[in-house]
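Numbering-wise, the UniProt record's numbering puts 59 at position 59 of the sequence shown, and it's gapless, one number per residue. Backbone N, C-alpha and C fix where the C-beta goes; we use that ideal spot for every residue, glycine too.
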Amino acid sequence: MKQWIKEVAKGKKRARDLTFDEASQAAQSIIDGEATDIQVAAFLIAQRLKNESPDELAAFVTQFRQAASLIPISPDKRQQLIDFSGPYDGRKTFAATIPSALLMAAERIPVFLHSSDTLPPKYGSSLKSILAELGVASDHDATSIGQSIDKHCIGFAHTEQLCQPLANVRHIREEIGVRSFINMAEKLLNLSNAPSVMLGIFHKTVLDTNVDNLRRLNFQKAFIVQGAEGSEDLPIHRKSFIYEITEDTVISRDLDPADYHLSCRKDPDKEVLTLQEQAALIEAIVAGETSDNLTYYRNQVIFNTAARYYLFGKVRSLAEGIDLTMSQLEDGSGRDQLQKWQSFMKVVKK
Numbered sequence: 001m002k003q004w005i006k007e008v009a010k011g012k013k014r015a016r017d018l019t020f021d022e023a024s025q026a027a028q029s030i031i032d033g034e035a036t037d038i039q040v041a042a043f044l045i046a047q048r049l050k051n052e053s054p055d056e057l058a059a060f061v062t063q064f065r066q067a068a069s070l071i072p073i074s075p076d077k078r079q080q081l082i083d084f085s086g087p088y089d090g091r092k093t094f095a096a097t098i099p100s101a102l103l104m105a106a107e108r109i110p111v112f113l114h115s116s117d118t119l120p121p122k123y124g125s126s127l128k129s130i131l132a133e134l135g136v137a138s139d140h141d142a143t144s145i146g147q148s149i150d151k152h153c154i155g156f157a158h159t160e161q162l163c164q165p166l167a168n169v170r171h172i173r174e175e176i177g178v179r180s181f182i183n184m185a186e187k188l189l190n191l192s193n194a195p196s197v198m199l200g201i202f203h204k205t206v207l208d209t210n211v212d213n214l215r216r217l218n219f220q221k222a223f224i225v226q227g228a229e230g231s232e233d234l235p236i237h238r239k240s241f242i243y244e245i246t247e248d249t250v251i252s253r254d255l256d257p258a259d260y261h262l263s264c265r266k267d268p269d270k271e272v273l274t275l276q277e278q279a280a281l282i283e284a285i286v287a288g289e290t291s292d293n294l295t296y297y298r299n300q301v302i303f304n305t306a307a308r309y310y311l312f313g314k315v316r317s318l319a320e321g322i323d324l325t326m327s328q329l330e331d332g333s334g335r336d337q338l339q340k341w342q343s344f345m346k347v348v349k350k
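This is how it looks when you write it as structure tokens:
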């Protein structure tokens, strides 16, 4: 690892990007446990100061993916599967992606969520912890996750449980206390081999790097969203830009909740939620409750689910997606889907 640290940590003017093969060797050194904790920390900090290249990120994704357990899924479900890829350092704002996934699964659209335990610097509520609060057991092996997707069209992976090298470097990431490019690499592992993905990013500055990597991963349909807290969730206090990645172009479009009467002014008092509040809001919304104090969050679920139905071809327009989503909320489809998932994950083998 020393030779690669020397290349990326030479300072602003002399540091250079590693080639794909060189970065692969650096990644393998971490995976095999050859690199010491201090070397791993030095490498990650140097990359943060330099900014990782597409080749470096792709190499780490490739090597860590090869060291992970992939999820076995039936061909018919896999063909339709969508990977929703958000930040692993958790959420302070409402995690609309969870109720949205429940509603999509109720429509028999297979969806895959993933995270690990929360990470610095944010230490928000991870999807793993929110699902646990909802009664969905998450520490299952790859086979059980595949069975969940096959039977109920929804699955969740605790990524570190399926990729031991990620678990092995957690303590280093916690000690350095800042984001590194592993924060992006872990989101791109695609352990379910989904042909479609919606990826959340925080800064537009990383758009090009992620466009390059989504193309390398050969997704048939791929969207990048600059969502809430770098997630795949579209906010409702402003319009959002969505980037569709094709083989040779990037198609940009904007979606404005105000065009569909779903816009709400940003409310700081509703932007920081506890784990218990996250779960309670999700349960209330998917059960069909419509009280005024839920509007801010319910509109997020409606807008995001409708957008996903539209972008992934379930409906012909966003307005049609809104009608479908509201109908689902009214008839309790999401609540029923959550109950089925809870029951299944309690009895399936870990």
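Here's a check: name, in chain order, each residue in its chain whose Cβ is nearer than 6 Å to the Cβ of residue i, leaving out the five neighbours to either side.
i       : result
Ser-333 : Ala-106
Ser-24  : Ala-59 and Gln-63
Cys-153 : Ala-105, Arg-108 and Pro-110
Glu-52  : Phe-181
Leu-281 : Tyr-297
Ile-149 : Ile-73, Lys-77, Pro-110 and Gly-155
Ala-9   : Ala-46
Asp-256 : Lys-239
Lys-50  : Val-8 and Ala-15
Phe-43  : Ile-5
Phe-202 : Gly-230
By the DSSP assignment, the alpha helix (DSSP H) with residue i in it spans what residues?
i       : result
Ile-201 : No alpha helix (DSSP H) contains Ile-201, which DSSP labels as neither H nor E.
Asn-210 : 207-216
Pro-268 : That residue, Pro-268, is in no alpha helix (DSSP H); it is neither H nor E in DSSP.
Pro-235 : Here Pro-235 belongs to no alpha helix (DSSP H), and DSSP marks it neither H nor E.
Gly-334 : 333-347
Leu-57  : 54-66
Phe-181 : Unbroken run through Phe-181: none, as it is neither H nor E.
Leu-18  : It is not in any alpha helix (DSSP H) - Leu-18 carries neither H nor E in the DSSP assignment.
Gln-39  : 37-50
Lys-10  : Unbroken run through Lys-10: none, as it is neither H nor E.
Arg-298 : 295-311
Thr-290 : Note, Thr-290: premise wrong, no alpha helix (DSSP H); not H, not E.
Ser-192 : Taken as a continuous stretch (DSSP letters only), Ser-192 belongs to no alpha helix (DSSP H), as it is neither H nor E.
His-171 : 170-176
Leu-103 : 97-106
Here's a check: name, in chain order, each residue in its chain whose Cβ is nearer than 8 Å to the Cβ of residue i, leaving out the five neighbours to either side.
i       : result
Val-178 : Ile-45, Arg-48, Pro-120 and Pro-121
Ser-85  : His-114, Lys-187, Leu-188, Val-197, Met-198, Leu-199, Gly-200 and Glu-232
Gly-321 : Thr-305, Ala-306, Ala-307, Arg-308, Tyr-309, Tyr-310, Lys-314 and Val-315
Under DSSP, the beta strand (DSSP E) around residue i begins and ends at which residues?
i       : result
Ala-157 : 154-158
Asp-83  : 82-85
Ile-251 : 250-255
Per DSSP, what kind of secondary structure is residue i in: helix, strand or coil?
i       : result
Glu-244 : strand
Lys-221 : strand
Ile-71  : coil
Asp-117 : coil
Phe-112 : strand
Ser-29  : helix
Arg-91  : strand
Ser-144 : helix
Ser-125 : strand
Arg-316 : coil
Ser-138 : coil
Met-326 : helix
Glu-22  : helix
Leu-281 : helix
Gly-227 : coil
Glu-34  : coil
Leu-262 : coil
Roughly how far, in whole angstroms, is the beta-carbon of residue i from the beta-carbon of residue j, given that I think they are within contact range, below 8 Å?
i           : j       : result
Leu-166     : Leu-191 : Between Leu-191 and Leu-166 the Cβ distance is about 11 Å, and since that is not below 8 Å, they are no contact.
Thr-295     : Leu-57  : 39 Å between Cβ atoms; not a contact.
Tyr-88      : Asn-168 : Their Cβ separation, rounded to whole angstroms, is 15 Å, which puts Tyr-88 and Asn-168 out of contact at 8 Å.
Ala-279     : Glu-133 : 4 Å
Gln-28      : Pro-195 : Between Pro-195 and Gln-28 the Cβ distance is about 27 Å, and since that is not below 8 Å, they are no contact.
Leu-102     : Thr-325 : At roughly 11 Å, the Cβ-Cβ gap does not stay under 8 Å, so Leu-102 and Thr-325 are not in contact.
residue 352 : Ile-71  : Outside the modelled stretch of the chain, which goes from 1 to 350, sits residue 352, for which no answer is possible.
Residues in its own chain within less than 7 Å of residue i by CB, not counting five upstream and five downstream?
i       : result
Glu-22  : Trp-4
Pro-54  : Thr-209, Asp-212 and Asn-213
Ala-228 : Thr-93 and Pro-235
Glu-330 : Gly-288
Lys-204 : Gln-226
Ala-35  : Met-1 and Ser-29
Gln-147 : Val-348
Indicate whether the contact test is met: 3 or more Cβ pairs, each with one atom in the segment 286-304 and one in the segment 85-104, closer than 8 Å. Look at the beta carbons and you see the segment 286-304 touching the segment 85-104: at least three pairs across the two are nearer than 8 Å.
Can we say the segment 55-69 touches the segment 264-283, given the rule of at least three CB pairs closer than 8 Å? no
Would you be able to state if there are at least three C-beta pairs under 8 Å between the segment 124-137 and the segment 303-313? no
Quick check: the segment 249-265 against the segment 74-82, are at least 3 beta-carbon pairs closer than 8 Å? no
Between the segment 206-217 and the segment 241-257, can you find at least three pairs of beta-carbon atoms closer than 8 Å? yes
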